[in-house]
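Please read the structure below before turning to the comments.
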Amino acid sequence: MIFGPSGSMGKLISNLALMDEEIKVVAALDVENIGSNLTKVIGSNSTNDVKIRDVKDLQEVINNNKLDVAVEFTTASATEQNGIICVKNNIRCVIGTTGLSERFLNKFNSLVVEHNSPAVLSSNMAPGVNVLFK
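Each residue of the sequence shown is one higher than the one before, counting from 2 in the numbering used here.
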């Protein structure tokens, strides 16, 4: 699941994920381009025809799909909401968002341990993206 595929980092991550045969993009959530085909928004030739869903539908998307990893490179306020929901649903997170609050980081780390749900938090985007493709 990719958050924010309309943004510059989201487009890059979406393209890389769609090109990798071992990765299946099951869902894309955003506040923009809702209902649009992910491939059209990011300019990809991939045949994976995922429609961008409203991020407000996150819990419904989680309930209706088998999701292993959430990739979150959006805004701090969005990440702080989405990250908590994902970890509580035992979805592994790769977060590259900067400016996360200390309060969120403490709560998120506690939930990661409580739910045994691995996560990578990297304010430097390169290591976070590299984890996806190792």
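Ideal placement from N, C-alpha and C gives every residue a C-beta, glycine not left out.
Taking the alpha-carbon positions, what's the residue i to residue j distance?
i           : j          : result
residue 46  : residue 90 : 32 Å
residue 120 : residue 27 : 19 Å
residue 36  : residue 66 : 17 Å
residue 122 : residue 31 : 20 Å
residue 113 : residue 98 : 17 Å
residue 115 : residue 2  : 22 Å
Note the first and the last residue of the continuous alpha helix (DSSP H) segment covering residue i.
i           : result
residue 62  : 59-65
residue 85  : 77-89
residue 106 : 103-116
Just checking my contact of residue i with residue j at CB under 8 Å: how many whole Å lie between their CB atoms?
i          : j          : result
residue 56 : residue 83 : 7 Å
residue 63 : residue 92 : 7 Å
residue 85 : residue 59 : Not quite, the Cβ-Cβ distance comes to about 11 Å (not below 8 Å), so this is no contact.
residue 39 : residue 51 : 4 Å
Would you give the residue range spanned by the beta strand (DSSP E) that residue i belongs to?
i          : result
residue 96 : 93-96
residue 73 : 70-73
residue 53 : 53-55
Applying the 10 Å Cβ sphere with the 16-neighbour rule, what's the burial state of residue i?
i           : result
residue 5   : buried
residue 75  : buried
residue 44  : exposed
residue 106 : exposed
residue 71  : buried
Can you confirm whether residue i, when its beta carbon is compared against all beta carbons of chain C, has any partner nearer than 9 Å?
i          : result
residue 29 : Judged by its chain identifiers, the structure shown contains no chain C, having just a single protein chain.
How is residue i classed by DSSP in three states: helix, strand or coil?
i          : result
residue 16 : helix
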